[in-house]
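Read the structure below first, then the notes.
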Amino acid sequence: MSRTGIVVFLVVCVLFVVSWVVKAGTGDPEGHYIRDGFLVTFAAFLTLAIMSFMYKDNPYYKFAEHLFVGVSAAYWMCLAFWSTLVGNLVPRISERLSNAFMVPHQPGEYNFFFYIPVILGILLLMRLSPKGGWISRWPLAFIVGTTAGLNFVRYLRSDFINQINSTFLPLAVDWQGFGHFFSNLSLNATGQFVAMFGNCVIFFGVLCGVIYFFFSKEHTGWFGRASRVGIWVLMITFGASFGYTVMGRISLLVGRLTFLLRDWLGIAS
Amino acid sequence: MRYRPILLFLLILLCFTTALGQEPTDETEGPPDTVVVDSSLLPAPVTNLQARDTEDDNGHSVTLTWDVSTDDGSGRDDVYMYMIYRSMSPEGPFDSVGVAMKGATEHVNSSSKDRAQPDFMPDHTDYYYQVGAVTVGGLITRSDVAGPVQSYGQFFNMGRIPVFVFVVVFCALVVFFVASARKGADLYVRPLAGIEAVDDAIGRATEMGRPILYVLGLGTAEMVATIASFTILGRVAKRVAEYQTKLIVPCYESIVMAVAQEVVKSAYADAGRPDDYDEDSVFFVTSLQFAYVAAVNGIMLRELPATNVYMGKFFAESLLLAETGSIAGSIQIAGTDEIAQIPFFIVACDYTLIGEELYAASAYLGREPILLGSLKAQDLAKAAVVIIALAGLIATTFGWPGFAEALHVEN
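If you're matching them up, the sequences are chains A and B in order.
Take the position in the first sequence, starting the count at 1, then add 386; the result is the number in this note's numbering.
Take the position in the second sequence, starting the count at 1, then add 3; the result is the number in this note's numbering.
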């Protein structure tokens with residue numbers, strides 16, 4: 387470690403201790419003020435360590451990253467064990483194991499089905515065996531194939547048929563002749579013209595968008611022109627989506643800054 | 004109406020029972036107050052209550068229909084809701100299992116199919132129902148008992164016939180085109196810029212002596228985008244094996260990691276270099292979204308990969324990954340079917356596969372008859388979409404609702 391690195395490390399340590407002492411000193415004397423002071427200070431340190439990535443990769447970012455990854459991996463492993471194995475499987479397959487884990491036994495007529503995932507799980511672990519590794523491909527094929535098949539029907543309904551239904555829009559809304567249409571022409575959002583224009587945009591936008599996603603035909607001639615309109619429609623949609631999502635991200639940043647300025651430094655109300 | 008005196012008597016009895024059950028708090032307290040309800044204040048009960056198994060479902064559900072109380076929307080108009088009661092015996096006791104709003108004439112009593120849940124409702128069991136009309140003042144008049152009724156599941160959901168038709172037609176098209184491709188028919192697939200750039204990017208990584216980072220996203224192994232990504236990973240890994248470049252595949256999910264390891268291993272074997280396969284090149288990181296991002300971002304800045312490939316399902320982490328890759332100076336190729344994330348990849352990556360292009364890419368790269376055949380079938384399905392949408396537009400414009408109704412799918 388360079389001399390600058392050591393100096394920065396010492397400064398960080400001193401600032402950490404000072405912050406801890408100050409936060410503990412201003413905490414509730416009847417509560418866990420030492421622990422609370424440490425937690426707020428540590429959370430602020432980790433926030434700043436992650437934000438330091440904007441400058442460049444550094445040891446503080448690495449520390450926060452490894453802590454985050456390690457804690458989350460361990461957390462998910464424990465969660466999967468206690469919620470999936472102990473919470474769902476054990477109560478259905480063994481009364482003795484249920485008693486051992488102190489979870490209520492749930493006898494059921496069809497509980498033998500729960501042995502199927504147990505067997506698949508064991509087969510999946512066979513990949514650790516040098517000779518029987520190939521067996522682990524069977525549960526993988528089962529998982530991927532079954533769920534893909536189930537999703538096929540689900541997506542066909544939600545992303546295909548229901549989407550087609552949504553394009554069944556009348557081009558002529560509340561049509562009472564050209565005279566009525568032109569005499570009441572306005573850009574009112576609930577007006578006839580805007581409704582008809584909106585329906586046209588949706589229909590032709592969908593049509594050109596679908597044409598863009600034709601892969602087995604060359605995009606030339608009128609087909610190519612419709613495809614170009616399709617990509618323009620997509621890009622305009624993506625632009626709107628981008629702006630909308632960025633606003634959401636800024637609210638996350640505001641949340642972190644609020645934590646630093648209010649909960650840690652106490653300089654914002 | 005003839006039950007009103009009985010109901011009034013029961014109500015008064017209930018009041019007495021409740022009052023007598025209370026311990027006096029003060030020795031000097033007098034006799035408890037009683038509430039006498041004028042039977043004329045009770046609402047008229049619902050009539051013609053019918054209970055039947057809910058159609059086109061997987062059981063554990065009963066549908067009730069009735070004619071509203073005469074005090075709902077007419078008469079005294081003081082009914083504001085209906086209470087649904089269920090029992091396993093016509094004599095009761097009846098438990099409250101739901102409410103319906105004023106004016107409602109139907110209620111679906113769906114309960115859990117999980118035995119462990121307190122509201123579990125077994126199929127093929129007799130149930131009896133009552134509906135109570137409730138006034139604003141809290142007075143309730145129950146209907147006659149309806150039942151017995153049993154719930155059970157149907158094998159075929161008639162409301163999803165359009166889905167069944169599309170599945171059959173689509174599968175037939177896939178089988179036909181796969182057979183054609185196997186017989187040697189030339190199925191054209193238009194070039195995809197993002198995929199054509201993959202080979203160049205691998206070549207660049209080899210020349211620079213830097214690794215290639217392949218991110219499969221946050222999807223699980225059974226997601227369509229992840230499955231498509233596996234195919235592209237196979238292609239990339241094969242090229243990487245041929246060029247003897249380093250490949251890094253950090254995984255978000257354990258099953259995805261297992262499949263990715265198999266894919267990469269097979270690709271190395273196909274390239275004739277099974278010994279070069281490094282098991283540690285495909286590894287699990289964590290299943291927490293932003294912890295995974297932190298780890299991958301760290302890899303990007305430390306390993307400085309020449310090429311980053313993001314293919315699969317991505318969520319809020321897409322811009323974080325792509326921005327860091329851009330800072331690291333990597334060539335970036337992305338593809339996802341997550342519509343909200345495509346804009347971020349478009350602005351931060353060199354090439355982006357939009358939505359279905361990701362699926363087409365796997366067919367384009369693999370050139371396998373099964374993939375090419377299904378791609379051709381998809382294109383025909385899209386042509387059908389265009390024709391049906393056009394027909395629907397005409398039908399709706401001219402006020403023919405039958406066409407839209409024929410394609411309506413019940414949930």
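We put the beta carbon where it would ideally sit given N, CA and C, even for glycine.
Does the beta carbon of residue i fall short of 8 angstroms from some heavy atom of the ligand HEM?
i, result
"Glu360 (chain B)", "Here there are no bound small molecules, and the ligand HEM is not part of this structure."
Can you give me the start and stop residues for the beta strand (DSSP E) that residue i sits inside?
i, result
"Asn585 (chain A)", "Per DSSP, Asn585 (chain A) belongs to no beta strand (DSSP E); it is in the alpha helix (DSSP H), Gln578 to Tyr598."
"Cys254 (chain B)", "Leu250 to Cys254"
"Thr631 (chain A)", "Careful: Thr631 (chain A) lies outside any beta strand (DSSP E), inside the alpha helix (DSSP H) at Gly607 to Thr644."
"Asn112 (chain B)", "Glu109 to Ser113"
"Gly518 (chain A)", "No beta strand (DSSP E) contains Gly518 (chain A), which DSSP labels as neither H nor E."
"Arg145 (chain B)", "Ile143 to Arg145"
"Gln335 (chain B)", "Ile334 to Thr339"
"Val100 (chain B)", "Asp98 to Met104"
"Val3 (chain B)", "For residue 3 (chain B) there is no data in the structure shown, the boundaries of chain B being 4 and 414."
What are the boundary residues of the alpha helix (DSSP H) that residue i is part of?
i, result
"Lys186 (chain B)", "Careful: Lys186 (chain B) lies outside any alpha helix (DSSP H) and carries neither H nor E."
"Trp524 (chain A)", "Arg523 to Tyr541"
"Gln381 (chain B)", "Pro372 to Thr400"
"Ile357 (chain B)", "Taken as a continuous stretch (DSSP letters only), Ile357 (chain B) belongs to no alpha helix (DSSP H), being part of the beta strand (DSSP E) at Tyr354 to Ile357."
"Thr289 (chain B)", "Taken as a continuous stretch (DSSP letters only), Thr289 (chain B) belongs to no alpha helix (DSSP H), as it is neither H nor E."
"Val504 (chain A)", "Tyr501 to Leu511"
"Val407 (chain A)", "Arg389 to Gly411"
"Ala325 (chain B)", "Ser321 to Ile330"
"Arg648 (chain A)", "Counting along the chain, Arg648 (chain A) falls outside any alpha helix (DSSP H), and DSSP gives it neither H nor E."
"His566 (chain A)", "Phe564 to Ser569"
So, at 8 angstroms on beta carbons, what are the nonlocal neighbours of residue i in its own chain, with the 5 sequence-adjacent residues on each side left out?
i, result
"Pro27 (chain B)", "Caution is warranted here: a pLDDT of 42 is assigned to Pro27 (chain B), below 50, making its placement in the model unreliable, and the coordinate value is therefore given only provisionally. Cβ neighbours of Pro27 (chain B) beyond the five flanking positions: none."
"Asp353 (chain B)", "Ala200, Ile334, Gln335 and Ile336"
Using the Cβ count rule (16 or more neighbours within 10 Å means buried), how would you classify residue i?
i, result
"Val168 (chain B)", "exposed"
"Arg543 (chain A)", "buried"
"His127 (chain B)", "exposed"
"Glu32 (chain B)", "The predicted position of Glu32 (chain B) is uncertain, since its pLDDT is 42 and thus under 50; a value taken from the coordinates is nonetheless stated next. Glu32 (chain B) comes out exposed."
"Phe401 (chain B)", "exposed"
"Asp75 (chain B)", "buried"
"Gly150 (chain B)", "buried"
"Leu396 (chain B)", "buried"
"Asn485 (chain A)", "exposed"
"Leu573 (chain A)", "exposed"
"His63 (chain B)", "buried"
"Met4 (chain B)", "The predicted position of Met4 (chain B) is uncertain, since its pLDDT is 47 and thus under 50; a value taken from the coordinates is nonetheless stated next. Met4 (chain B) comes out exposed."
"Lys379 (chain B)", "buried"
Cα-Cα, which of the options is closest to residue i?
i, options, result
"Gly222 (chain B)", "B:Leu45, B:Glu109, B:Asp340 and B:Thr108", "B:Asp340"
"Phe579 (chain A)", "A:Leu593, A:Met463, A:Gly563 and A:Cys594", "A:Gly563"
"Asn497 (chain A)", "A:Gly531, A:Arg648, A:Asn485 and A:Glu481", "A:Glu481"
"Val100 (chain B)", "B:Gly405, B:Leu67 and B:Leu45", "B:Leu67"
"Ala534 (chain A)", "B:Ala409, B:Arg242, B:Ala228 and B:Leu44", "B:Ala228"
"Gly212 (chain B)", "B:Leu250, B:Gly315 and B:Tyr85", "B:Leu250"
"Asp560 (chain A)", "B:Phe406, B:Thr399, B:Leu410 and B:Gly62", "B:Thr399"
"Glu359 (chain B)", "A:Phe599, A:Gly616, A:Ala654 and A:Leu620", "A:Phe599"
"Gly531 (chain A)", "B:Arg238, B:Ala107, B:Val312 and B:Met226", "B:Met226"
"Ala274 (chain B)", "B:Ser290, B:Tyr246, B:Lys241 and B:Val259", "B:Lys241"
"Asp283 (chain B)", "B:Glu265, B:Ala294 and B:Gln292", "B:Glu265"
"Asp117 (chain B)", "A:Ile502, A:Glu495 and A:His418", "A:Glu495"
"Pro46 (chain B)", "B:Pro165, B:Ala136, B:Tyr246 and B:Glu256", "B:Ala136"
"Phe180 (chain B)", "B:Ala384, B:Val296, B:Val218 and B:Gln292", "B:Ala384"
Got a sec? Which residues, its chain only, sit under 7 angstroms from residue i by beta carbon, not counting five neighbours each side?
i, result
"Val262 (chain B)", "Ala224 and Phe233"
"Gln344 (chain B)", "Phe317, Phe318 and Ser321"
"Leu555 (chain A)", "Asn585, Ile588 and Phe589"
"Arg642 (chain A)", "Thr433"
"Glu604 (chain A)", "none"
"Ala450 (chain A)", "Leu432, Ala435 and Ile436"
"Gly332 (chain A)", "Only positions 387 to 655 of chain A appear in the structure, and residue 332 (chain A) is not among them; the question remains open."
State the beta-bridge partners of residue i as determined by DSSP.
i, result
"Met124 (chain B)", "None; Met124 (chain B) has no bridge partner."
"Thr138 (chain B)", "B:Val82"
"Tyr217 (chain B)", "B:Val312"
"Asp56 (chain B)", "B:Val65"
"Arg89 (chain B)", "B:Asp98 and B:Tyr132"
"Asp70 (chain B)", "B:Thr50"
"Gly156 (chain B)", "B:Asn61"
Ordered along the chain, which non-local residues of its own chain (more than five positions away) have a Cβ less than 6 angstroms from that of residue i?
i, result
"Leu506 (chain A)", "Pro525"
"Gly24 (chain B)", "Legend: pLDDT at Gly24 (chain B) = 45, less than 50; position of this residue unreliable, value from coordinates given subsequently. The answer is none, since no qualifying residue turns up."
"Ala581 (chain A)", "Val559"
"Asp29 (chain B)", "With a pLDDT of only 41 at Asp29 (chain B), under 50, the local geometry of the prediction cannot be trusted, and the value read off the model is given with reservation. Cβ neighbours of Asp29 (chain B) beyond the five flanking positions: none."
"Ala231 (chain B)", "Leu361, Tyr362 and Ser365"
Just to make sure I have the definition right: I need the residues of chain D whose C-beta is within less than 9 angstroms of the C-beta of residue i. Which are they?
i, result
"Pro556 (chain A)", "Note that chain D does not occur in the displayed structure, where the protein chains are A and B."
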